[in-house]
Each structure stands twice: as C-alpha cells, then as structure tokens.
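What follows is a single structure, written as structure tokens, with notes after it.
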Amino acid sequence: MISSRADFLRTIIDRGFLHQCTDMEALSERLASSSLGPAGAYIGFDATASSLHVGSLMQIMLLRWWQRSGNQPIVLMGGGTTRIGDPTGRDDSRKLLSDADIANNMEGIRKVFANYLTFGEGPTDALMLNNADWLDGLNYISFLRDYGRHFTINRMLTFDSVKLRLEREQALTFLEFNYMILQAYDFVELWKRNRCVLQMGGSDQWGNIVNGVELGRRVHQAALYGLTSPLLTTSSGAKMGKTASGAVWLNAEMLSPYDFWQFWRNTEDADVGRFLRLYTELPLDEIARLEALDGAERNEAKKILANAVTALAHGAEATAEAAETARRTFEEGALSQNLPSVDVATQDLRGGMALSSLLVAAGLSASLGEAKRLIQQGGAKLNDVVIKDPAAKVDEDALKDGVLKLTAGKKRHALVRAIPETAL
RNA sequence: GGAGGGGUGGCCGAGUGGUUAAUGGCAGCAGACUGUAAAUCUGCCGACGAGAGUCUACGUAGGUUCAAAUCCUGCCCCCUCCA
Numbered sequence: 035m036i037s038s039r040a041d042f043l044r045t046i047i048d049r050g051f052l053h054q055c056t057d058m059e060a061l062s063e064r065l066a067s068s069s070l071g072p073a074g075a076y077i078g079f080d081a082t083a084s085s086l087h088v089g090s091l092m093q094i095m096l097l098r099w100w101q102r103s104g105n106q107p108i109v110l111m112g113g114g115t116t117r118i119g120d121p122t123g124r125d126d127s128r129k130l131l132s133d134a135d136i137a138n139n140m141e142g143i144r145k146v147f148a149n150y151l152t153f154g155e156g157p158t159d160a161l162m163l164n165n166a167d168w169l170d171g172l173n174y175i176s177f178l179r180d181y182g183r184h185f186t187i188n189r190m191l192t193f194d195s196v197k198l199r200l201e202r203e204q205a206l207t208f209l210e211f212n213y214m215i216l217q218a219y220d221f222v223e224l225w226k227r228n229r230c231v232l233q234m235g236g237s238d239q240w241g242n243i244v245n246g247v248e249l250g251r252r253v254h255q256a257a258l259y260g261l262t263s264p265l266l267t268t269s270s271g272a273k274m275g276k277t278a279s280g281a282v283w284l285n286a287e288m289l290s291p292y293d294f295w296q297f298w299r300n301t302e303d304a305d306v307g308r309f310l311r312l313y314t315e316l317p318l319d320e321i322a323r324l325e326a327l328d329g330a331e332r333n334e335a336k337k338i339l340a341n342a343v344t345a346l347a348h349g350a351e352a353t354a355e356a357a358e359t360a361r362r363t364f365e366e367g368a369l370s371q372n373l374p375s376v377d378v379a380t381q382d383l384r385g386g387m388a389l390s391s392l393l394v395a396a397g398l399s400a401s402l403g404e405a406k407r408l409i410q411q412g413g414a415k416l417n418d419v420v421i422k423d424p425a426a427k428v429d430e431d432a433l434k435d436g437v438l439k440l441t442a443g444k445k446r447h448a449l450v451r452a453i454p455e456t457a458l
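Each step along the first sequence adds one to the number in the working numbering, with nothing skipped, and position 136 is 170.
Here's what the structure looks like:
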C-alpha cells in the first residue's frame, strides 16, 4: 500500500504503468522532499466524445495513484486544444467540433472522473481545469513573442507527430502544427497556477510532453517532468477499449454496468495479470497468486478483475448486481431480472410476434435479415431453448412472470418484458 | 493557372458495358471444440420479403444504351508534377 508521495514511482513501475520518464531521479527527489509539499500532476483529455472509454483508463488510474500517494491530480480538459485537434498518430485532420459539442462532452467526462478522484479545495484534492480558460484569451503577437521564439521549426519538424505526416506526404495544416506549442504552453501555465510539475500521458504524447518540459525550463527555469505510459493492446493485438459493438465507455449512460462487467470478464487469459495490475488496486502478491491460476480456474481471476474494475467505475452496488446477473445467467442458466431489457406491449404478443423482430427490438440483431440468419445458424434461443425456424412466432405463452429471455450466441442475453398497453 | 492520377460495401483493395449485391483480405456474426479464454475448423456476412422476388448501393448531378461501378458531360473532393 502506498504510504508516501515518493512511493508513487515505485508503485507505477511495479504495476506496469511506466514507459518513459524525462528524469526519474530528479522527479523521485522532488516527490521525496518533505519541504516542498504535495506536487501537482496533470493529464490532458480532449473533449472529443461525451464520455471516456477504457482506452483512457490507464491514465485515469495514474492520476488516482498520484492522489493516493498524497499529491494533487489535475485533470485538464482540452476545451481550447480540442478546437485545434491533435495531429498525433493521425493521417487526416480531425473534424472540428463546435463549441457546444465541446462543452457538452466536457460535462460527460467530468462525471467519469468523479468516480475515480476526490475533488475539492484541499491541497491534494483533484482539480478539473479547462485550457480554454487561458488559451482563448491569448494575444497572438505577445504569445508569439513570449513563447513562439522558444520553438524552432527545425526541431518541431523532427517530432513524430509532424514528421510522420510529412513523410507520408499527408497534409498537416498550420492549425494542427500549432497544437504542440499550445500543449507545451498548457504545462507552463499549470506550473504557474497550480505548482504542477509533472505531465503524464500515453506514449504517443511523449513529444508533446517533452516540449512542455523544455518550454518551462527555457522561459521560467522551472523543473518540470514528463512521464508516459505504454500504449496498451490486448494479447491478440487489438487496441484497448474498442470491441465489436463499439467503445467500452466508462459511464453508465453509454454502456451498462452489466456490459462493462462482461467486457472485463471476457478478458483473454494472457491479459489477466497485466490488467489486474493496471486497472485494479489489488495488492501485487494477491495478483501474482491469481495470475498463477491455471485453466478454468483462471476464470476466478477474471471475475475478480471484473468486480474490481466495475466497482471503481460504477460503484459496489452496480457491480454486485452485474456479477449476480452474470452468475445466474451463465452459471445457472437462470433468468435474471437485471439483464438488459426491452418492453413490448402485451397486445403485440397476443397475436404472435416474429422472433426475428424481437431479436431486433432487444438490440441483439441489427436487422431482420441478420436475426433470421442467426436463427438459421442455431444461435438464437428463446427461454434457453434453441429455435431454428426463422419464421418462428412468439406469443404470450412464452412469458414467465411477464418476461421472456432471448439469447444470441453464447453470451448475449436480453429480457423482453410484456407491458400492458395501458401502462405504456 | 496548366498537365496527370484518383474517389468502390465498416476498413484495405479487385473489377473497367451484361453471367456483378459487386473477387480477395481484414474486421464482424454463428456453429463445432472449450473455461463466458486463446488458437483452429465450418458456415454466414446490403435492406425488405415465408418465397418467387423487390428495392438501395460503386463521390455527385445528368446523359448514351435493351443493359452502366464500368462509356460521355457538368460539378465536388483528394493526390502528384509544372508555373
């Protein structure tokens, strides 16, 4: 368990968060210094969607460990920089978002962080800032004179984000070219305002981060540090956080706690240990024990992983519910009232409703054709009984206590509730 | 401003008048095997329709033709070279 600020580095190294650091020793000393007090560290998040997904979870956990070690985490919303668009790792310019979209997205992201960090006024309470607060009001000429002169085009051209674009002969607009300067400026601004000395981020942010560190030193002789986490993929090479059905979102409005729990429960064997270290706060010796489990026993480790990660994102209650729903559904084959459900008018069932339509209504198939295919291939179940007739009808006899269960494939389940017409 | 190349299904990428809802790969879905894992094998993979079939689709708008993703024209967008 973390006991002091200096333990932060040890912890994140042991748990696999560290990829690169600008100056480990100096940072370590700064953290160990008792006279300097808590330090600030920030990670920037662009407001390109109304929630964050699992891809950002490593960053969020970094801030959480930072706070737990007695330091102050700063979440920097890119209200200003989102209006530019980070060219890092992209071949094309990002679509420009409207100010209203950005504001709306920031609101959603704010909710996510409330689950992971403690916000407030105290010295180690988390802050959420918006770089639009200082970027929007910048005076072009004075900014160029004060900061622009510290950047050489020669050097900027050597950064991957720029170099790769140019090498591939893809256009890079002047607008995007400025992104790294503004991100560097953010860091300096946060240092001035909030004694922030560390910027963290994914390894693709290394160039942007180093720029900030250097700018701070040149302009203010500030001792700033940068630290990046490795780019994470699953063992089969897939990018973290994206699945067939889309991104694995961190807020419940965009992905139910049950589906979130299922995502972690379905982790590949080879990833379990790594994920436990990164996405949960279980002690390392406990993780080592779980990781050693073989064969089917490893499923126990996956459940523990799912429970721990879901508890952080959605709370203990939602987690218990999701776990119980999964247990009843998968281990007992029983009907659980907490599966994702859709309402259908009892009226409509009375005359018999096509099974294929129900599958579509329940979100288990994208179209009627797909639903029929599913049925023909033997992948559709009604109340746990395989139905192979694509023209099958379902009527009220299928209801048990007003509910029937649909299954697509082995893992996707949904409930259909019959609701009397009058109640709709 | 001039010359040339290009825009095809979620992505990559063939096709250059009919047998083309459009080869192939990736992704995805289902089945088998399993442990709600991975790997492998098999099948599926535009929408609607019980089906025959109908509709929509190859940047966009028109045209030629019995018939167009394929030919012609205008327009939009991207790239390369020249000035």
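The beta carbon of each residue, even a glycine, is placed where N, CA and C say it ideally should be.
- Taking a 10 Å sphere around the C-beta of Y174, we find fewer than 16 other C-beta atoms and assign the residue as exposed.
- For the region 356 to 441, the full-length alpha helix (DSSP H) segments reaching 4 residues or more read 380 to 384, 389 to 395, 402 to 410 along the chain.
- Taking C-beta atoms under 8 Å as the contact rule, L327 and A335 qualify, at a distance of about 5 Å.
- By the Cβ rule, the region 39 to 53 does not count as touching the region 76 to 86, because fewer than three pairs are nearer than 8 Å.
- Around the beta carbon of D170, a 10 Å sphere encloses fewer than 16 other beta carbons of the protein chains shown; the residue is thus reported as exposed.
- Residue state for S263 is assigned as strand, using DSSP reduced to three classes.
- Rounded to whole angstroms, M190 and V196 show a C-alpha spacing of 7 Å.
- In this structure the region 101 to 108 lies against the region 158 to 165, because at least three pairs of beta carbons, one per stretch, are closer than 8 Å.
- The Cβ atoms of A448 and L433 do not sit closer than 8 Å to each other.
- No residue range can be given for M288, since it is assigned to no alpha helix (DSSP H) and is classified by DSSP as neither H nor E.
- Non-local beta-carbon contacts of W298 in its own chain, meaning distances under 6 Å to residues more than five positions away in sequence, involve L339, A340, V343 in chain order.
- Closest in C-alpha terms to K445, from the list G413, G329, Q371, comes G413.
- Taking C-beta atoms as the reference points, T115 and D167 fail to come closer than 8 Å.
- For L289, the closest of L96, L373, L438 by C-alpha to C-alpha distance is L373.
- Here the C-alpha atom of E355 lies approximately 29 Å from the C-alpha atom of T267.
- Here the alpha carbon of V247 sits roughly 20 Å from the alpha carbon of E210.
- The beta carbon of R252 sits closer than 8 Å to the beta carbons of H184 from its chain, once the five residues preceding and following it are set aside; these are given in chain order.
- Uninterrupted alpha helix (DSSP H) stretches at least 4 residues long and entirely within the region 46 to 92 occur at 58 to 66, given in chain order.
- Beta-bridge partners of P317 (DSSP): none assigned.
- Secondary structure of F193 (DSSP, three-state): coil.
- Fewer than three pairs of CB atoms, one per stretch, sit closer than 8 Å, so the region 399 to 413 makes no contact with the region 357 to 373.
- For L318, same chain residues with a beta-carbon under 8 Å away, outside a window of 5 residues either side, are D48, R49, R311 in chain order.
- Looking at D220, L52, N149, I187, the one whose alpha-carbon comes closest to that of L172 is D220.
- When V420, P424, D429 are compared, the shortest CA-CA separation from G386 is found for D429.
- For R98, the CB contacts under 7 Å within the same chain, skipping 5 residues up- and downstream, are Y150, L151 in chain order.
- In this structure the region 255 to 263 touches the region 49 to 60; the number of beta carbon pairs closer than 8 Å is three or more.
- The Cβ atoms of M162 and M111 lie closer than 8 Å to each other.
- Burial check for F208: the Cβ neighbour count within 10 Å stays below 16, so the residue is exposed.
- Within the model, the alpha-carbon separation for A66 versus W225 is close to 19 Å.
- Comparing alpha carbon positions, the residue from F147, R39, L70 closest to H87 is F147.
- For V343, there is no enclosing beta strand (DSSP E); the enclosing alpha helix (DSSP H) has its first and last residue at 332 to 348.
- With a cutoff of 8 Å on beta-carbon distance, G235 and T262 are scored as near each other.
- Selection T441, A395, H53 evaluated against Q239 yields H53 as nearest (Cα-Cα).
- Taking V450 as reference, the option from D377, T441, K427, L398 with the minimal CA-CA separation is D377.
- DSSP, read as helix, strand or coil, puts A40 in coil.
- Secondary structure note for V109: its beta strand (DSSP E) is the uninterrupted segment 106 to 111.
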